[in-house]
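Participant: Once you've had a glance at the structure underneath, I'll fire off some questions.
There are 2 protein chains.
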Amino acid sequence: MDNPSLKNSTTHAVAEIREALGDRLSTAQAVRDQHGKDQTWNPGAPPDAVAFVHNTDEVQKVVAICAKYGTPVIPYGTGTSLEGHFTAPFGGVSIDLSAMNNILEVNAADLDARVQAGVTRKQLNSHLRDQGLFFPVDPGADASLGGMAATRASGTNAVRYGTMRENVLNVTAVMANGEIIRTGSRAKKSSAGYDLTRLLVGSEGTLGVITEVALKLYGIPESIVSAVCPFPSVEACCNATITAIQMGLPIARIELVDEEHVKAFNAYSKIDLQVKPTLFLEFHGTTASAQEQAETFAAIAEDLDGGPYRWATKEEDRQKLWQARHDAFWATKSLVPGKDAFATDVCVPISRLAECVTETQADLAANNLYGPIVGHVGDGNFHVVMFCDRADPAEVRRVKEVYGRMIDRAIAMGGTCTGEHGIGSGKVAYLEKEHGPALAFMRDIKRALDPRNIMNPGKNAAI
Amino acid sequence: MDNPSLKNSTTHAVAEIREALGDRLSTAQAVRDQHGKDQTWNPGAPPDAVAFVHNTDEVQKVVAICAKYGTPVIPYGTGTSLEGHFTAPFGGVSIDLSAMNNILEVNAADLDARVQAGVTRKQLNSHLRDQGLFFPVDPGADASLGGMAATRASGTNAVRYGTMRENVLNVTAVMANGEIIRTGSRAKKSSAGYDLTRLLVGSEGTLGVITEVALKLYGIPESIVSAVCPFPSVEACCNATITAIQMGLPIARIELVDEEHVKAFNAYSKIDLQVKPTLFLEFHGTTASAQEQAETFAAIAEDLDGGPYRWATKEEDRQKLWQARHDAFWATKSLVPGKDAFATDVCVPISRLAECVTETQADLAANNLYGPIVGHVGDGNFHVVMFCDRADPAEVRRVKEVYGRMIDRAIAMGGTCTGEHGIGSGKVAYLEKEHGPALAFMRDIKRALDPRNIMNPGKNAAI
């Protein structure tokens, strides 16, 4: 990190980029700091400069210059990473794509769109609404679609609509050697060649800079029905979910919130839910089919002593329920003022979810930690936010130990160390534990496509 | 291909494999020929030997021996390739995985299964039926699931359930250096590391030999409704499809058959369909929702002058309809006895499908060729089978020219040179046309993972 020749070469790279971009290349400390620190505990590291680009050709120019000098290149979207994806531990140039916010095409007949990488999901959905279309992947934050592709984001709708893995048709990317590629056609399916789209989705900027994304769209459903349903236990919540999914019930959202969250929602969002493990649900379809789905789920819940089941079909009531769910972080945080939040997620086969959640809850309790849990339970994915006083080293240690055991437990149950937050710099240590000998092949690919390791070094499979 | 040192090293490799496998290593001419020629026009090339393996460890042994001698390794499943995937243009050892036919696990709660690569889709579905589960991907042939994963197969159900890309959870593979990897966990989603699963799916044996596959399963729907509906034109069929998909109608199958096929069905399968472009449809759901879907589609069809709409809810009637569709090849072939069939497929954005099909039909007519068309129209994917007298060089030339223009047309419309048949040896020339500069990165990956090019050389991105 203190390699003087690197610093020197970076100086040359920065000077050349300034020639190309003028004052859209910044080395101001405040800008560098903002581009070098995510919203979590992950250690920050500012880049040497930030390039504010407008199009793929400018990204190509920046990457080509960096390639010439061996200078690291770190893509930056909206800065909503939870795993230090965009920090610059080896310095280099942050490429800020947020001004690349043009929606390039919407093809209603084909249910696809093409956007620049900096377009955010809310921006796209506002644009699409009048055409009766939407893009479903919803990681919570109003992230950029390029960043969401690069980190294989997902969220509450993934149980029905899939993650970015399923919803990216192709990407345009600038590779480490400065070449621009498009990874596929607009065809819905293809058997032609290696799946570079899926290779770049989730590669977190370590193989190329995604500059444009083609996405699948969906028609806004005729009817949306939301519901909440308390259950006697986390296990009952999970069993209801398993039954519903086995029946093929096409649930659009099925979210577990634990008792700690329900308490916080009641206080923060002024709603009056029973303090029990609860499922937040949403059904999409025609009026008749959404209704039928909701009734079928109510019957499943009743069999598992769930209920009373509370419906919301009116937009206003639905918004109130989901707003409470979306405010989960702030609701819990308000109960422990002054504490820092340590957020993480894992994902396991759904049959193991109840066990994984309850063991994690027991571990939190045994370590005297406040760590409320929410889960995208239809996918077996859940989040823990542990609140902690960072000035208390014993508490910090307990948080880290519970965190490590949670990941080990998920992997031992046939799951993954992260369902949707990604590896970034935060979970690099767990890649080998999860993938074993497969990691070496990821690194072979990284070396083949980026032999000088300039693309987001230190993240994911990049060493 | 006539490299004497290769031949010599192959002799050593074969001798070592025989030590390991005994009489499960065959060099009999008939066996080699059977493993070196697919069911099409693609030129055959027999391997030097065929290894009949029983498990992943045996595959590893064979690959390690071949790696030592630089001998090509060609995986073989059921031999149902249409693009010469398993021919041996550089000789080498064919690994026949058909005896690896154990279903290793079925996890009903998680809706997943793990099978050895030689298990066929029909075998798996027979096994699953009693549990109310099924695996949807249906390429027509009773292919092995390892082969289907390796070639990114799809078929009639893909419009609703996706292709092998969406339905493979992870694979176990033996890589070129003899290492065994598993490409992911059993979690439904993950953001941990590069997507090696999707990289191996569709790599056609050029990056590794897939020996086990973990798959997503689905509950058998409560109700299945089939229908056929004639339309005044191919365009009307496509427009009905676009409308249905835009509305979010979750159609399970929507198949275009052209007038030539309808004539052939009526003659071969003794049914009495109107001789018009026709959609074969299937709706899955609860009794109420499948019925609602079918009625909604009927209304769409009526608006486009489609109909009369013929339903089939009884298993027997459904079977008769779909049997006709599945017998499409034999039905058309029976009309042109003595001619050879040249089958190919392309896939385009659905908005361009009508245009692509009608231009192709016009080209066939202008060249006096009989080339009936069927299409997985919900995905924009269609097949042409051109019948031709191979002893007539002028006709063969016309077939090849129409074929080339069909692919050029699909690529120009934003589509792909193959939706589901794959590249194999048959479409290698079109990879560059479709992928442009991206192909170089596929080849970089190939070289990185298989520097001596022993894994199925001559196919896909392997040179």
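These protein sequence lines are chains A and B, in that order.
One gets this note's numbering by counting positions in the first sequence from 1 and adding 8 to each.
One gets this note's numbering by counting positions in the second sequence from 1 and adding 8 to each.
Here a beta-carbon is modelled for each residue, glycine too, at the ideal position from N, C-alpha and C.
Mind listing the chain E neighbours of residue 446 of chain B? Cutoff is C-beta to C-beta under 7 Å, in chain order.
Facilitator: Any reference to chain E falls outside this structure, whose protein chains are A and B.
Participant: Which class does residue 9 of chain B belong to by DSSP, given the choice of helix, strand or coil?
Facilitator: For residue 9 of chain B, the predicted structure reports a pLDDT of 40, less than 50, and the residue's modelled location is therefore unreliable. The matter cannot be settled from this model.
Participant: Starting from the N-terminal side, write out each stretch of the beta strand (DSSP E) that is 3 residues or longer and does not extend beyond the stretch 11 to 63 of chain B.
Facilitator: 57 to 60
Participant: Residues of the stretch 160 to 184 of chain A with a CB closer than 8 Å to any CB of chain B: list them in chain order, please.
Facilitator: 160, 161, 162, 166, 170, 171, 173, 174 and 183
Participant: Going by C-alpha to C-alpha distance, which of A/251, A/64 and A/334 sits closest to residue 190 of chain A?
Facilitator: Out of A/251, A/64 and A/334, the CA that lies nearest to the CA of residue 190 of chain A is found in A/64.
Participant: By Cβ distance, which residues of its chain are closer than 8 Å to residue 209 of chain B, with the 5 residues on each side in sequence left out?
Facilitator: Excluding sequence neighbours, residue 209 of chain B sits near 157, 158, 160, 172, 173, 176 and 179.
Participant: Taking any Cβ of chain A, which residues in the stretch 116 to 134 of chain B have a Cβ under 9 Å from it, in chain order?
Facilitator: 116, 117, 118, 119 and 120
Participant: With H, G and I counted as helix, E and B as strand and the rest as coil, what does DSSP make of residue 244 of chain A?
Facilitator: helix
Participant: Residue 428 of chain A touches chain B at which residues, Cβ-Cβ below 8 Å?
Facilitator: The contacting residues are 197 and 199.
Participant: For residue 355 of chain A, would you say it is in contact with chain B, using Cβ-to-Cβ distances shorter than 7 Å as the test?
Facilitator: At least one CB atom of chain B sits nearer than 7 Å to the CB of residue 355 of chain A.
Participant: Can you pull out the residues from the stretch 410 to 428 of chain B whose beta carbon lies closer than 9 Å to at least one beta carbon of chain A?
Facilitator: 418, 419, 421, 422, 423, 424, 425, 426, 427 and 428
Participant: At the level of alpha carbons, what is the spacing between residue 112 of chain B and residue 148 of chain B?
Facilitator: 24 Å
Participant: Given a threshold of 16 other Cβ atoms within 10 Å of its Cβ, counted over all protein chains shown, does residue 340 of chain A qualify as buried or as exposed?
Facilitator: buried
Participant: Does DSSP put residue 475 of chain A in a helix, in a strand, or in coil?
Facilitator: Outside the displayed range of chain A (9 to 471) lies residue 475 of chain A, so it cannot be described from this structure.
Participant: Between the stretch 248 to 268 of chain B and chain A, which residues of the former have a C-beta closer than 8 Å to a C-beta of the latter?
Facilitator: For chain A, the residues of the stretch 248 to 268 of chain B that bring a beta carbon within less than 8 Å of one of its beta carbons are 250, 253, 254, 255, 256 and 258, in chain order.
Participant: Using beta carbons (cut-off 7 Å, strictly below), is residue 241 of chain A in contact with chain B?
Facilitator: no
Participant: Counting only beta-carbon atoms, is residue 227 of chain A nearer than 7 Å to chain B?
Facilitator: yes
Participant: Please list the residues of the stretch 448 to 464 of chain B that have a C-beta atom closer than 9 Å to any C-beta atom in chain A, keeping them in chain order.
Facilitator: 448, 449, 450, 452, 453, 454, 455, 456 and 457
Participant: Tell me the DSSP secondary structure of residue 255 of chain A in three-state form.
Facilitator: coil
Participant: Would a check of beta-carbon distances place residue 381 of chain B closer than 7 Å to chain A?
Facilitator: no
Participant: Mark residue 40 of chain B as exposed unless 16 or more other C-beta atoms lie within 10 angstroms of its C-beta, in which case mark it buried.
Facilitator: buried
Participant: Under 8 Å, with one C-beta from each stretch per pair, do the stretch 70 to 77 of chain A and the stretch 91 to 99 of chain A reach the 3-pair mark?
Facilitator: no
Participant: Suppose the cutoff is 6 Å on Cβ atoms and the five residues either side in sequence are ignored; what does the same chain contact list for residue 452 of chain B look like?
Facilitator: Hits under 6 Å: none found.
Participant: Spell out whether any CB of chain B is found under 7 Å from the CB atom of residue 443 of chain A.
Facilitator: Output row for residue 443 of chain A: interface = yes.
Participant: Could you pull the DSSP bridge partners for residue 440 of chain B from this structure?
Facilitator: Listed as beta-bridge partners of residue 440 of chain B by DSSP are no residues whatsoever.
Participant: DSSP beta-bridge partners for residue 238 of chain B?
Facilitator: B/286
Participant: Count the other CB atoms, across all protein chains shown, that sit within 10 Å of the CB of residue 319 of chain B; report buried if there are 16 or more and exposed otherwise.
Facilitator: buried
Participant: Output needed for residue 17 of chain B: all residues of its chain with C-beta closer than 7 Å, excluding positions within five of it in sequence on either side, in chain order.
Facilitator: 77, 78 and 79
Participant: Quick one: residues in its chain with C-beta nearer than 6 Å to the C-beta of residue 128 of chain A, no 5 flanking neighbours on either side, listed in chain order?
Facilitator: 150 and 152
Participant: Would DSSP call residue 462 of chain A helix, strand or coil?
Facilitator: coil
Participant: Of all the options A/336, A/396 and A/414, which has the alpha carbon lying nearest to the alpha carbon of residue 366 of chain A?
Facilitator: Of A/336, A/396 and A/414, the residue nearest in Cα terms is A/414.
Participant: Tell me the start and end of each unbroken beta strand (DSSP E) in the stretch 76 to 154 of chain B that is at least 3 residues and wholly inside, in chain order.
Facilitator: 81 to 84, 101 to 104, 111 to 115 and 120 to 124
Participant: Would you call residue 324 of chain B buried or exposed, if buried means 16 or more other Cβ atoms sit within 10 Å of its Cβ?
Facilitator: exposed
Participant: For residue 10 of chain B, count the other beta carbons within 10 Å of its own beta carbon; 16 or more makes it buried, fewer makes it exposed. Which is it?
Facilitator: Bear in mind that a pLDDT of 45 at residue 10 of chain B, under 50, signals an unreliable position, so the model cannot answer this.
Participant: Which residues of chain A have a Cβ atom closer than 7 Å to the Cβ of residue 136 of chain B, listed in chain order?
Facilitator: Within 7 Å Cβ-Cβ: nothing; residue 136 of chain B doesn't reach chain A, min ~12 Å.
Participant: Under 6 Å Cβ to Cβ from residue 268 of chain A, same chain only, skipping five residues before and after it: list those, please.
Facilitator: 380
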